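Here the structure comes first, spelled out in structure tokens, and everything after it is commentary.
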Amino acid sequence: MIGPERISSTIQWVLARSSADQTEVSVVATDNALTRFANSTIHQNVFSSNVTLRVRVVIANQIGIAITNSLEAAALQRALDHALSNARRTPPNPGFLSLPEPQLVPEVVGYFPATADCTPGQRAESVGAICQLAREAGFHAYGALTTATRELAVGNSLGHSCFHLGTLSEIKVTVIGDSSAGYAANMAMDVRRLDFEAIGHEATERCSRGQNPQPIEPAEYAVILAPYATQDLVFVTTTVGLGARSFREKTSFVCGNIGKRIMGPNITIHDDGFDGNGIVEPFDCEGVPKRRLDLISNGVASGVAYDSYYAGLEKGRRSTGHALPPPNTSGPLPRHTFLRPGSATVEEMIQSTGRGLYVTQLHYTRPIDPIRLTATGMTRNGTFLIEHGEIVRPVKDLRFTQSYLKAWNEVEAVGQETRLLRMWDQSLQNVPTVKISSFNFTGS
Amino acid sequence: MRTLTARALDCANGLGAQYADVRGVVRRIQTIAITNGVVETMVEEEYQGFGVRLLIDGAWGFSGSATLELGAVDQVTAQAAEIARASARFKTAEVRLGPRVSSVGVYRTPVLVNPWEISPVAKIALLLQADRELRHAGAATAKANLLTWQENKVFANSEGALTEQELIHTGGGVTAIAVDKESGQVQTRSYPGFFGTDVRGAGWETILEMDLPGNAQRIGEEAVALLRADECPSGHATVILGPSQLAIQTHESVGHAIELDRVFGAEGDFTGTSFLSPAMLNSFAYGSGHVNITADATAPGGVGTFGWDDEGVPAQRVPIVRDGILCGFLSSRESIEQLRQVVGDRAPASSGGAMIADGWHNIPLVRMTNVNVDPGEWDLAELIADTDDGIWMDSCKTYSIDDRRLNFQFGVEYAREIKHGKLGRLLKNGSYAGSTPQFWASCDGVCNRDHWRIWGISNCGKGQPGQMAHTGHGTAPARFRNVRVGIRS
Chain X
1 MIGPERISST IQWVLARSSA DQTEVSVVAT DNALTRFANS TIHQNVFSSN VTLRVRVVIA
61 NQIGIAITNS LEAAALQRAL DHALSNARRT PPNPGFLSLP EPQLVPEVVG YFPATADCTP
121 GQRAESVGAI CQLAREAGFH AYGALTTATR ELAVGNSLGH SCFHLGTLSE IKVTVIGDSS
181 AGYAANMAMD VRRLDFEAIG HEATERCSRG QNPQPIEPAE YAVILAPYAT QDLVFVTTTV
241 GLGARSFREK TSFVCGNIGK RIMGPNITIH DDGFDGNGIV EPFDCEGVPK RRLDLISNGV
301 ASGVAYDSYY AGLEKGRRST GHALPPPNTS GPLPRHTFLR PGSATVEEMI QSTGRGLYVT
361 QLHYTRPIDP IRLTATGMTR NGTFLIEHGE IVRPVKDLRF TQSYLKAWNE VEAVGQETRL
421 LRMWDQSLQN VPTVKISSFN FTGS
Chain Y
445 MRTLTARALD CANGLGAQYA DVRGVVRRIQ TIAITNGVVE TMVEEEYQGF GVRLLIDGAW
505 GFSGSATLEL GAVDQVTAQA AEIARASARF KTAEVRLGPR VSSVGVYRTP VLVNPWEISP
565 VAKIALLLQA DRELRHAGAA TAKANLLTWQ ENKVFANSEG ALTEQELIHT GGGVTAIAVD
625 KESGQVQTRS YPGFFGTDVR GAGWETILEM DLPGNAQRIG EEAVALLRAD ECPSGHATVI
685 LGPSQLAIQT HESVGHAIEL DRVFGAEGDF TGTSFLSPAM LNSFAYGSGH VNITADATAP
745 GGVGTFGWDD EGVPAQRVPI VRDGILCGFL SSRESIEQLR QVVGDRAPAS SGGAMIADGW
805 HNIPLVRMTN VNVDPGEWDL AELIADTDDG IWMDSCKTYS IDDRRLNFQF GVEYAREIKH
865 GKLGRLLKNG SYAGSTPQFW ASCDGVCNRD HWRIWGISNC GKGQPGQMAH TGHGTAPARF
925 RNVRVGIRS
């Protein structure tokens, strides 16, 4: 790791040399280790240490950004020169108001030495145990174990500065047999909280129960979505429509609906970078504290995520601390989301189902219609038919084409237990199992 | 950089590596994006670093660092060795790499006009001009973007390879979003490719060829017209896919499926495996006799074009499908050896040269080069005239495929009815679905070279940690029979 002192002095070095009206320097330094396995053997075992330093300069509403991964003086000067040069050549952005003013960023513990110090040998041992479980059941294990340490820092010429040191660990396991597959995953800041054996057992059990699946006719079914499938609903919902960009471009399902009920009353989704049940990240890439943001409150559209730029376009609006690092085409987005758990157990959900499907995971879903929040995708890694309150047999995977907005309105039950999961190495979802009364399967 | 690579190889040898390679990479990217007349993104990125990959006791280890210093080389190489030894404790088979690779040389992407020599002012002016045209045509939101990407890399391995490459990719495009305020309906049109961009292994000349301002008004008008268009009908229909739609169709249902590491399960945990198996080589009917597909890392203008892959294997033209029959895979040194263990001499003797890493900090994976559908015989006007009842679909709006690359569903921005051999009314929310081999088996015509061009995708994701790659796809319009269309929620 680089350390707060060197990061701070680097930021100050750049700020001191900038001739811009306003300058911001943000740093993300990562030590990322990943042990990946397939066919029950380690096939990728990697480590990389990297730093990304972003310089944003403002000259009379002209904005330029440059990024480097070198902290050498020549590279820093080159990045600053590029940012200044780009700003001078760019037309003014009349919507830009200012970089964030200094503000207090509460400290939060996010660093766990056991994760930072996890060795290749320890990762291999953990992975080896999972592979052994799968082999003993006659299957093969596939997956990845990540341990990472991150330093985040932001400083700007208005006097704002903040630093955070954090760790994360993640285990994802797919167990595959001749005719079936099972999945399990979990995340934690402290790698000691990951129960590798339990994850291995969960994936192996799903694979075992899923053997010899039979085709089933695509139709509307009640579904019980495991947290790995619920995760997709939350991810698509938040990325398609709960950021200020889509809201402003009127391509969001919450346009004109803030304060109105758009989902069932048992649905509450919020974002919180300070919640220790997630991976804490106390500020965004502008250094703005990540305020708890209510997105959906008991089914009512409550808000969308803002950064300082999109907040500045609306009178009286403040950034919610959800700026993403440039360049991006998304605008600000929620990335530490929580779906409030309910009181149901998975067993109760199954017992209350006359005919339906238990779905482990949704795969490769893509939005079709942002206003109705319609998406298509496939089931994956364990889909089971439920009849008369019992899982009766595994079924082959199905394609769905479904309005997620409609689905959120038809949630019959929300599970008690949640699982912390990560989508595309980017955003986090802490989600329970949910039961939805009708889900539209359109192909097999 | 050469001093650094030599040091890494010496260090790896001293640590007992059976094989080692090292890549030093410097990458530079410029992104300019405009929305409704405002420059929202004007970013220059510069990244550098090196990665050491080595084999000890028959298992891989990899480590990389952004610090280009000899001291860091020793540390990184030692870390890679420690990782390899940890991997070896749980190996089930020795990694085999096959024939030695000792390529030596220099490659540069041919460019007519260096895109870095075009002033940002001129680039922004071009985008603003296109932006004005889009909004003048009625777009509620107009977007325009340009990408300039360059990677300089040195590769060396313990078998004597030493290559230097300079790859330059240039791209851009426009997007019009039209909104009906009363109904809340949203329609999108993009140019020249899907998702408002296309990228080529070329210089600024490719942006001039695109003529973004000259096409922007049409794109804006089409987006607005889609708001009033009829819905794409549901049922089964003859479909002619436009070239950019066939590019993403090929990418998803062929390109990923033929990655040999995926066939052997390397992506089983993440985006999935492949419906293909080694035994299908030279016998499996991937499509009709009209379907010929080539993975061509030598194709001019492709973003999958290079001198050598990231194992030092020379760029090649690899036949994938001939007259409908699967005859090849995208491969690496290790995966081709795995294939030979299964099918013997039916497999090629050496790698097809498709190992690409995203930057210095990732290991190379089997990636698409330029996976091209070879041109057929049809003139496009004749193909349409030969279609009594069908739908023209182009410009991908949404894409989804299962974890074995079989069951797909695509939505398109733009569809037109074909009646009695002529293009008819505009259709919105066009979509189609199918199963890969049945779909390609239904192909009964591919247009000729006059209608063929190469497209570039700049965000193909694979692997963990996630890696992005640029992939190319040469395509012409093609016709498919009895396709399921108009899928509704």
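Chains as they are written, first to last, in this note's numbering: chain X, 1 to 444; chain Y, 445 to 933.
Each residue gets a CB set at the ideal place from its N, CA and C atoms; glycine is no exception.
Here the structure is a predicted model, which is why all the values come from computation and not from measurement.
{"Asked": "Is residue 565 of chain Y closer than 8 angstroms to residue 89 of chain X when the C-beta atoms are compared?", "Found": "yes"}
{"Asked": "Short of 7 angstroms Cβ to Cβ, which residues in the segment 378-412 of chain X face chain Y?", "Found": "378, 380, 397, 399, 401, 402, 403"}
{"Asked": "Compare the C-beta of residue 345 of chain X with all C-beta atoms of chain Y and state if any pair is closer than 8 angstroms.", "Found": "no"}
{"Asked": "Pick out whichever of Y:817, Y:906, Y:705, Y:877 has its Cα sitting closest to the Cα of residue 916 of chain Y.", "Found": "Y:817"}
{"Asked": "Measure the CB-CB distance between residue 861 of chain Y and residue 808 of chain Y and report whether it falls below 8 angstroms.", "Found": "no"}
{"Asked": "Determine the direct distance from the alpha carbon of residue 679 of chain Y to that of residue 448 of chain X, and round the result to whole angstroms.", "Found": "The requested residue 448 of chain X does not occur in the structure, where chain X is confined to residues 1 to 444."}
{"Asked": "Do three or more CB pairs link the segment 148-162 of chain X to the segment 20-31 of chain X at distances below 8 angstroms?", "Found": "yes"}
{"Asked": "Hey, how far is the Cα of residue 325 of chain X from the Cα of residue 306 of chain X?", "Found": "13 angstroms"}
{"Asked": "Out of X:184, X:60, X:230, X:405, which one is the CA nearest neighbour of residue 201 of chain X?", "Found": "X:184"}
{"Asked": "Would you say residue 744 of chain Y lies against chain X (beta-carbon separation less than 8 angstroms)?", "Found": "no"}
{"Asked": "Going along chain X in order, which residues have a C-beta closer than 8 angstroms to the C-beta of residue 724 of chain Y?", "Found": "None at all; the shortest Cβ gap to chain X is about 17 angstroms."}
{"Asked": "So residue 738 of chain Y packs on residue 706 of chain Y, CB below 8 angstroms; how close in whole Å?", "Found": "The Cβ separation is near 19 angstroms, so there is no contact."}
{"Asked": "Would residue 534 of chain Y count as contacting chain X if we go by Cβ distances under 8 angstroms?", "Found": "yes"}
{"Asked": "Just the C-alpha distance for residue 268 of chain X and residue 145 of chain X, rounded to the nearest angstrom, thanks.", "Found": "31 angstroms"}
{"Asked": "In whole angstroms, what is the alpha-carbon distance linking residue 258 of chain X and residue 301 of chain X?", "Found": "5 angstroms"}
{"Asked": "What residues in the segment 155-180 of chain X have a beta carbon less than 8 angstroms from any beta carbon of chain Y?", "Found": "172, 173, 174, 176"}
{"Asked": "Does DSSP put residue 87 of chain X in a helix, a strand or coil?", "Found": "helix"}
{"Asked": "Would you call the segment 868-876 of chain Y and the segment 716-723 of chain Y touching, i.e. three or more CB-CB distances under 8 angstroms?", "Found": "no"}
{"Asked": "Which chain X residues are close to residue 932 of chain Y, counting only those with a beta carbon under 8 angstroms from its beta carbon?", "Found": "401, 442"}
{"Asked": "So for residue 858 of chain Y, helix, strand or coil by DSSP?", "Found": "strand"}
{"Asked": "Just tell me which of Y:728, Y:714, Y:925, Y:855 has its CA closest to the CA of residue 425 of chain X.", "Found": "Y:714"}
{"Asked": "What does residue 851 of chain Y pair with, by DSSP beta-bridge criteria?", "Found": "Y:879"}
{"Asked": "Mind pulling the alpha helix (DSSP H) runs of 4 or more residues that sit fully within the segment 794-845 of chain Y?", "Found": "824-829"}
{"Asked": "Which same chain residues, not among the five before or five after residue 10 of chain X, have their C-beta less than 6 angstroms away from its C-beta?", "Found": "71"}
{"Asked": "Are residue 584 of chain Y and residue 545 of chain Y closer than 8 angstroms when you measure CB to CB?", "Found": "no"}
{"Asked": "Indicate whether at least one CB of chain Y lies closer than 8 angstroms to the CB of residue 307 of chain X.", "Found": "no"}
{"Asked": "I'd like to check one pair, residue 530 of chain Y with residue 498 of chain Y: are the Cβ atoms closer than 8 angstroms?", "Found": "no"}
{"Asked": "Kindly indicate which three-state DSSP category residue 484 of chain Y falls into: helix, strand or coil?", "Found": "strand"}
{"Asked": "Please tell me whether residue 358 of chain X and residue 384 of chain X are closer than 8 angstroms, where the distance is taken between their beta carbons.", "Found": "yes"}
{"Asked": "Out of Y:487, Y:505, Y:740, state which residue places its alpha-carbon closest to the alpha-carbon of residue 42 of chain X.", "Found": "Y:505"}
{"Asked": "So the candidates are Y:537, Y:548, Y:797; which of them puts its Cα closest to the Cα of residue 607 of chain Y?", "Found": "Y:548"}
{"Asked": "For residue 582 of chain Y and residue 622 of chain Y, which I take to be in contact (beta-carbon distance under 8 angstroms), what is that distance rounded to the nearest angstrom?", "Found": "6 angstroms"}
{"Asked": "Which first and last residues belong to the alpha helix (DSSP H) in which residue 120 of chain X is found?", "Found": "120-136"}
{"Asked": "The beta strand (DSSP E) that contains residue 408 of chain X, what's its start and end?", "Found": "Segment 404-409 is the alpha helix (DSSP H) holding residue 408 of chain X; no beta strand (DSSP E) there."}
{"Asked": "Can you grab the Cα-Cα spacing for the pair residue 319 of chain X / residue 308 of chain X, in whole Å?", "Found": "5 angstroms"}
{"Asked": "Can you give me, in chain order, the residues of the segment 121-149 of chain X that have a beta carbon less than 8 angstroms from any beta carbon in chain Y?", "Found": "121, 123, 124, 127, 128, 131, 140, 142, 143, 144, 146"}
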